[in-house]
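Remarks on the structure that follows.
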Amino acid sequence: MELIFFYLIAIVAVASGFLVIRCQSPVNSALGLVNTFFCLAIFYVMLHAPFMAAIQIMVYAGAIMVLIIFVIMLLNLGTEARKRYTTGVVWSAIASLLVLFNVMYFIKRGRVTGAEGDITSYTVESVGHVELIGKALFTEYLLPFEIASILLLVAIVGAVVLAKKEV
Amino acid sequence: MITVYHYMTVAAILFAMGTYGVLTRRNAIVIFMCIELMLNSVNLTFIALSSHLQNMDGQVFVLFVMAVAAAEAGVGLALMIAFYRNRDSIDVDDINLMKL
Amino acid sequence: MENLVQIALQNVNMAAILPSLVLTCFGMGLLLINVFLPRGTTRHAVWISVIGLVVTGFFVYTGWGNPQYGFNDAVANDNYTAFFSVIFLFAAGLTILMSDDYLTREGYPVSEYYPLILFATAGAMWMASGTDMLTIFLGLEVMSIALYVLAGFFRGQLRSNEAGLKYFLLGAFSTGFLLYGIALIYGVTGSTKLTEIGIYLNAHGSLLENPMTLAGLVLLSTGFLFKIAAAPFHMWTPDVYEGAPTPVTAFMSAGPKAAAFAAFLRIMEYCFFSLKPEWTAMLWVIAVLTMVIGNVIAIQQTNLKRMLAYSSIAHAGYALVGLVAANEIGYSGILFYMLAYTFMNIGAFAVLVLAGKKGEDNLTLEGFSGFGLKRPFLGVAMTVFLFSLMGLPPTAGFAGKFYIFAGAVKAGYIWLAVIGVLNSAVSLYYYLRIMVYMYFRDAEEDYAWVSLPAAAVISIVIALIGVFYLGIIPGDVMEMAKMAIF
Amino acid sequence: MYDKLWLIPFFPLLGAIINGLLGKRFIKNEKVIGAIGTGMLFLSFLVSCKYFIQLLGDSVKSHQNVIASWMSVGKLQVDWGFLLDPLSALMIMVVTGVGTLIHLYSIGYMHGEEGFYRYFSYLNLFVFSMLMLVLGNNALVMFVGWEGVGLCSYLLIGYYFEKKSAGDAAKKAFVMNRVGDFGFLLGLFTLFWALGSHGVWTINFVEITENAHLLSGDMILGASVTTVATLCFFLGATGKSAQLPLFTWLPDAMEGPTPVSALIHAATMVTAGVYMIGRMNILFAMSPTTMFVVALVGALTAIFAATIGFAQNDIKRVLAYSTVSQLGFMFVAMGVGAFTAGIFHLMTHAFFKACLFLGSGSVIHAMHHALHHAHLDDDAQDMRNMGGLRKKMPITWATFGISCLAISGLPFFSGFFSKDEILWWAFASTRGNKVIWVIVVVAAFMTAFYMFRCLYMTFYGEQKTNPKAKDHVHESPWVITLPLVVLAGLATVGGLIGIPHAIDIAHVGNKLNAFLAPVFHHSQELYKIEAHGSASTEIILMVFSVAIALAGIGFATVMYMKDPSLPGKFTAKFPTLHRVVFNKWYVDEIYDTLFVNSTKKLGIFCWKGFDVKVVDGIVNGIAKLVGALSSVLRYTQSGLFTNYALTMVLGTVVMLAIFILN
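Laid out in structure tokens, this is it:
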């Protein structure tokens, strides 16, 4: 049952991904992308990471995609002139297929080993995912958290500098 | 039974699709969306692995990847707007002033 | 709840992040002060940021020989970090000093420029000091995002727009590969901490045969090789370097490149030391490819910024030789070379900054006709920097190449050293062309006597001193470089 | 003691800095600039003299003076250090001595030139580099000097940068030198690595000499390590010392001012290759193969350049080819194991060739002045515009003539002793070869011939200068003639320090041989390099070589003194010779058709065909090949985002694929 559900979501995710890369209108691409994000959020729930699912919806689908769609609207972009089927496209297709094959090969032959931790699905349910993430962020990952704040500051300053009409 | 490899396979497919999109599309915004697709496939990999390995590192990593994606979106879209103002296009084939 | 705070505080060790902390504080302070500074000039911002860099330098100095770790092993303020921090600080300082007049001349006296450089420097420092993939990744992103903005800083100029956008798209694309690599490594070892990854890989010998490890290694390398500008991930370099504002190009060619080397070297040595035969073989090919492509294409260039961009690709190739050598001399050679390269390359770019006219259309070989005779100081300075880039003694470039190739010879890579020497012979051709134009062609126009901006001259003089100091007495710095590596 | 050795290169450096920084804006006065440049070098000469004398009286013949540590790599320690031994002591004497004279000469010659300060600054910098090259106690310091002299030569050749040919010549010299430098570095790598594999990490010359025996028996690429390393070093020497096939830059280098040609392209820099072989003589001695190659290349260059010298009318080009040819002699000496003779010839050559160049400079100076005065733009360097200058410029004539006698190898002039010793070793040495001896003898004959041709065309016969300018040719001022006289004196008596044993009637002994013995004897004894033969054979050969020289002079006289309007004085001096010339018209014509013309043609063929087409062709061909590759490769840089991203992906895929396949 779960497996069928997984396949269903996976097919939807891949199909919407296909929309992203094939739709001529940027808005349709964007909508496809939003759909992919939702599918991934469902995966996150299935992987016992409900908080990540929420963040996925809020940050990605909520913030980033809105920004993108906003810019698309702002620039009033029409449909993109389709790239002719030049050798470039064929090369691209070959290249991405090669990437796929390579990575699939490595995944199929490779093994996920790794040191296992103690955060089982049971822990997640009893302690709560938000608390686990929060603890991790403010103890183990305090420095990256602070760096992330600088990162966002840089992005804000940068965006302002670039987009403001007058200095 | 769904294993971590199932998720990783889906992620790999999405990653390759994102790559394909980056290589074939001409609209810079769509290219950026394809890059987001690649980042998301990485996120899926991370969370699948994190869940499988039962530690939080992967999930925290994803959180930061999201922050980075947001920051990149802000700056990237600002760059695109600036380019659009001067060139009246955001077709990457029109980024051709400097070459050879 | 109190328990949580205690746990949080246990991990905090301010000494481990002191230099970057000071630097970001100056960056943020400058952002605030900017509001009150007069518009239309950036002079105050220059001096505040220089003070910030000097103060940071002081804290870097106090940290030497006194390694500090903290934040749950996310960061290490050891000698290695300190050495690279000095490189970043010099790169940022020289860049900032040459920027003031340039920004005014080109019509963008925007003070936000300086905090962005400071933040990029701080990002580079996190890359060098990070001992967790996450810290390194975030440092890389702080640096990159600042650089995307800086490359596209002249928002009214199409060239600058193009540079910024191209750099952004390709940079974000390479980030995807880098992250995928980190994810796969995480899957294999279950950690993102460099030491834990290394220990785990070393302890589980069978993992070395695990294709996922290798895939992770390759994808991770892609991300860093992109930042290093190694072939075949170098293609953004000439376009972006040409289009970006010249001081930004100077900064990009030295600071971020060194930062990428810092992180790459640490990752390779901490995590993948047990995979050394594999990655040295891979990098051998890439180093050769990088040197050849950089030098050969540079021959045909007439735009000086673009020529120096190709030359910077070639120099990345030389530095990679040290990574292939993978011994003490090779590694410390990289550190030394990056410092030397910072002085000589930024120096050369500083000369270009001063030589350029608004719009910089005159920065071509033709435009440099007779330059050396009409502007003697800049001419001599440029000559020295070019000699250093060529690798002639007694300049820093020679000592750097000497160490790197000596490392390669010691590791048994004689052919690599030979290819390197042959390549620097090829590189003479285009460096020499600049000199031929500077000294053996008549000036097409009269150069009026112009007084040079003091700050930019200071930056050239510092670079000159650096080039000669490292060339004539490289021993001390090399000793420090040896103490800095692991 | 020897702890002030650094003063020797320091003074010229100081001069270069003072003139370079202050010359343009603050000093301005030519006399002061010239005095600083010359004075600094003279001080350096005095210090050299002091140490030279000190070394003469010292029983220990090798002294090192380390100023500071330069680099250390593992066990390898490289210092900024100097080495004074008989070889370097002799060299510094030559460099500073001849250098001082040429500086003095330059004050007069460069009078009124734009960039006077620049000239002296470069020239001082050159001497500094040359002294670093000579005094360096390890290969890297030598390399610093090696590069430095190349750089200064480049700057000085291009001194008249307004002329395109000067810029091109400068570039050619620099690039060709770099080909040689590549060989030098490669040799250094090989040596470094080979010694390192025995646990000796060093590039110090003294230590190399001490440990060279470790290398015997080592193989690399199917040849012995010493052969490979020394061949690489020799490639370096061919670049710097203008030997086949890298010699074409030297004649072009004559675009520079004449004193520069005298100092750099005759007396000092071009001999750096010979010096380097002398410095590493032990390694060369270990490899008979390399020694043979050196001798052969030297001999071929000697004869080849001599033939070209036949066909030139530019006075400086004749001297340039003559220099190439004489350098060939030195390499023959090195190649047959006559290290002392090679260095000896280096020294005597420095005297007489510097004198010849300065003499030609004096002539050119006068000609230029006269032509300028008459508003003519005839070529001031073309010998066909000269002739009969003997009376106008007596001092120049006398010194030039003495030097011609010296270079031709007339007895008791300096060239006689050094050249004769080379010939003797080529004939009798254990590493010698009769074929090489024959080639060198023919080259010696030709040398005498074309030098006297040059002398006659310039100073004798009717003055062919444009009548308008004719009377404006005057003797040069004292700053120009004084160096000429001193050098001519040295060219006359300089050979007496190396009188060969066979004719040493007064039993003064071969002073030079004894002096240089600490440097060369070790390797000569160890590898059994000696010249063996009876004194009578030596004397017979000596007489033969004198006869050869006289024959060359005779032929030249026959062919270029045939003019009936010869000054009566000369006719009275050589009545027989003149009668022969005067009466034997047909002989002359036969010579002209059979010998001179064909040789001329050969000369022109060699020059146009080989020099210009083949050698330049190869050099340009490589440049073109790289250029073509470059123009193809740059099209990968299409400027399009898609292509860049595609390349990145493909790069990653290839790396992944390689790991799959492994």
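So the protein sequences, as listed, match chains E, X, H and S. The first sequence begins at 397 in our numbering and counts up by one. The second sequence begins at -19 in our numbering and counts up by one. The third sequence begins at 23 in our numbering and counts up by one. The fourth sequence begins at 291 in our numbering and counts up by one. Beta carbons: idealized from backbone N, C-alpha and C, even for Gly.
Check: What does DSSP give as the partner residues of Tyr91 (chain H) in its beta bridges?; Outcome: H:Ala98
Check: Which residues mark the beginning and the end of the alpha helix (DSSP H) in which Val462 (chain E) is found?; Outcome: Met461 to Leu471
Check: Looking at the unbroken beta strand (DSSP E) that takes in Val363 (chain S), where does it start and where does it end?; Outcome: His353 to Val363
Check: Assign Asn494 (chain S) to one of three DSSP states: helix, strand, or coil.; Outcome: strand
Check: What whole-angstrom Cβ distance do Phe523 (chain S) and Met466 (chain S) have, given they're in contact under 8 Å?; Outcome: Their Cβ separation, rounded to whole angstroms, is 17 Å, which puts Phe523 (chain S) and Met466 (chain S) out of contact at 8 Å.
Check: Which residues does DSSP pair with Asp71 (chain X) in a beta bridge?; Outcome: X:Asn7
Check: Report yes if the C-beta distance between Val363 (chain S) and Ala98 (chain H) is below 9 Å; otherwise report no.; Outcome: no
Check: Starting from Trp370 (chain S) and walking both ways along the beta strand (DSSP E), at which residues does that stretch end?; Outcome: Leu366 to Leu374
Check: Using three-state DSSP, classify Val871 (chain S) as helix, strand or coil.; Outcome: Residue placement at Val871 (chain S) is poorly supported in this model, since its pLDDT is 39, which falls under 50; the coordinates are not used for a value here.
Check: Note down, in chain order, every chain H residue with its Cβ under 7 Å from the Cβ of Leu475 (chain S).; Outcome: Val443
Check: What in chain S is Cβ-close to Asn76 (chain X), meaning under 8 Å?; Outcome: Gly929 and Leu930
Check: Determine whether the Cβ of Ile289 (chain H) lies closer than 9 Å to any Cβ atom of chain S.; Outcome: no
Check: Rounded to whole angstroms, what is the Cα-Cα separation between Phe439 (chain E) and Val22 (chain X)?; Outcome: 13 Å
Check: Is the Cβ-Cβ distance between Tyr(-13) (chain X) and Thr25 (chain X) less than 9 Å?; Outcome: yes
Check: Can you tell me whether Trp22 (chain H) is buried or exposed? The criterion is at least 16 other CB atoms within 10 Å of its CB, across all chains shown.; Outcome: Not covered by the structure: residue 22 (chain H). The range shown for chain H is 23 to 508.
Check: Is DSSP giving Gly448 (chain S) helix, strand or coil here?; Outcome: coil
Check: So, Gly198 (chain H) versus Ile15 (chain X), is the Cβ gap smaller than 9 Å?; Outcome: yes
Check: Using only the alpha-carbon positions, how far apart do Ala341 (chain H) and Leu297 (chain S) sit?; Outcome: 37 Å
Check: Run down chain X in chain order and give the residues with a C-beta less than 8 Å from the C-beta of Phe433 (chain E).; Outcome: Asn20
Check: With 16 as the cutoff for other CB atoms within 10 Å, does Arg315 (chain S) come out buried or exposed?; Outcome: exposed
Check: Alpha carbons only, please: which of H:Val27, H:Met505 and H:His226 is nearest the one belonging to Thr535 (chain E)?; Outcome: H:Val27
Check: Count the other C-beta atoms from every protein chain shown that fall within 10 angstroms of the C-beta of Ala837 (chain S), then say buried if there are 16 or more, exposed otherwise.; Outcome: exposed
Check: So the alpha helix (DSSP H) Arg328 (chain H) belongs to, where does it begin and stop?; Outcome: Leu326 to Ala347
Check: Name the DSSP bridge partner or partners of Lys215 (chain H)?; Outcome: H:Asp154
Check: Along the chain, where does the alpha helix (DSSP H) that runs through Val509 (chain H) open and close?; Outcome: The structure shown does not extend to residue 509 (chain H), since chain H is modelled only from 23 to 508, so the question has no answer here.
Check: Any beta carbon from chain S within less than 9 Å of Asp68 (chain X)'s own beta carbon?; Outcome: no
Check: Give me whichever residues DSSP pairs with Asn428 (chain S) in a beta bridge.; Outcome: S:Asn494
Check: Please list, in chain order, the chain S residues whose beta carbon lies closer than 8 Å to that of Asn498 (chain E).; Outcome: Val943, Leu946, Ala947 and Ile950
Check: Please compile the residues from chain S whose C-beta is within a distance smaller than 8 Å of the C-beta of Leu133 (chain X).; Outcome: This structure cannot speak to residue 133 (chain X), because chain X is shown only from -19 to 80.
Check: In the segment 204 to 259 of chain H, which residue ranges form an unbroken alpha helix (DSSP H) of at least 4 residues, counting only runs that do not cross its ends?; Outcome: 216 to 225 and 233 to 250
Check: On the criterion of 16 or more Cβ atoms from any shown chain inside 10 Å, does Ser855 (chain S) qualify as buried, or is it exposed?; Outcome: The predicted model places Ser855 (chain S) with a pLDDT of 44, which falls under 50 and marks its position as unreliable; any figure quoted below should be read in that light. Per the 10 Å Cβ criterion, exposed.
Check: Taking the alpha helix (DSSP H) that Tyr353 (chain H) falls in, what are its first and last residues?; Outcome: Glu350 to Ala377
Check: Out of curiosity, what's the CA-to-CA distance linking Thr211 (chain H) and Arg507 (chain E)?; Outcome: 10 Å
Check: Looking at the strands, I want to know which residues DSSP matches up with Thr386 (chain H).; Outcome: H:Asn325
Check: Residues of chain H with CB under 7 Å from Ile11 (chain X), in chain order?; Outcome: Leu191
Check: DSSP state of Ser412 (chain E), grouped into three classes?; Outcome: helix
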